[in-house]
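Below: the structure, in structure tokens.
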Amino acid sequence: MEINEKLFKALANQTRLDILRWLKDPLTHIDVVTCETVQYELDHFGGICVGDIVRKAGLAQSTISSYLAMLEEVGLLTSSRHGKWTYYRRNEAQVQALGRLIEESL
């Protein structure tokens, strides 16, 4: 992972930081649906549906979709598409690499 302006721009927004935090432990943070639904999404699709993130954030779907795309573009999230739904999860290897990179570089 390389430290660059695009990476820090992706992190320079409270909602995008919140999304990364929520996806670290979705069973705790994605509380707008039942835990059973969140667990099902994790077990069957490997991530959390965009709609659940939209409800948690309380922002327009278009805004959240652009935030998720930005986080995915810099490698902090991955997504998988199942039918008409897209599911997001953290890219833990990249999140850990970012932590090490910041620790070593700054």
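Count along the sequence shown starting at 1, add 187, and that's the number in this note's numbering.
From the three backbone atoms N, C-alpha and C, an ideal C-beta is built for every residue, glycine too.
Source: prediction; values computed, not measured.
Proximity below 8 Å, CB of residue i to CB of residue j
| i | j | result |
| --- | --- | --- |
| L210 | R276 | yes |
| G234 | S267 | yes |
| E259 | T250 | no |
Residue environment, residue i, which counts as buried when at least 16 other CB atoms sit within 10 Å
| i | result |
| --- | --- |
| Y274 | buried |
| F335 | With the chain represented from 188 up to 293, any question about residue 335 goes unanswered, as that position is not in the structure. |
| I289 | exposed |
| E228 | buried |
| L204 | exposed |
| L255 | buried |
Residues near residue i by beta carbon distance below 7 Å, same chain, minus five either side
| i | result |
| --- | --- |
| I217 | W209, V225, I235, D239, K243 |
Cβ separation of residue i and residue j, assumed to be a contact under 8 Å, to the nearest whole Å
| i | j | result |
| --- | --- | --- |
| V261 | A197 | 5 Å |
| L263 | L207 | 6 Å |
Residues near residue i in its chain [Cβ-Cβ closer than 8 Å; skip 5 each side]
| i | result |
| --- | --- |
| W272 | F232, C236, V237, G238 |
Beta-bridge partners of residue i, as assigned by DSSP
| i | result |
| --- | --- |
| T265 | R276 |
| I240 | Paired residues: none, contrary to the question. |
| I235 | Y275 |
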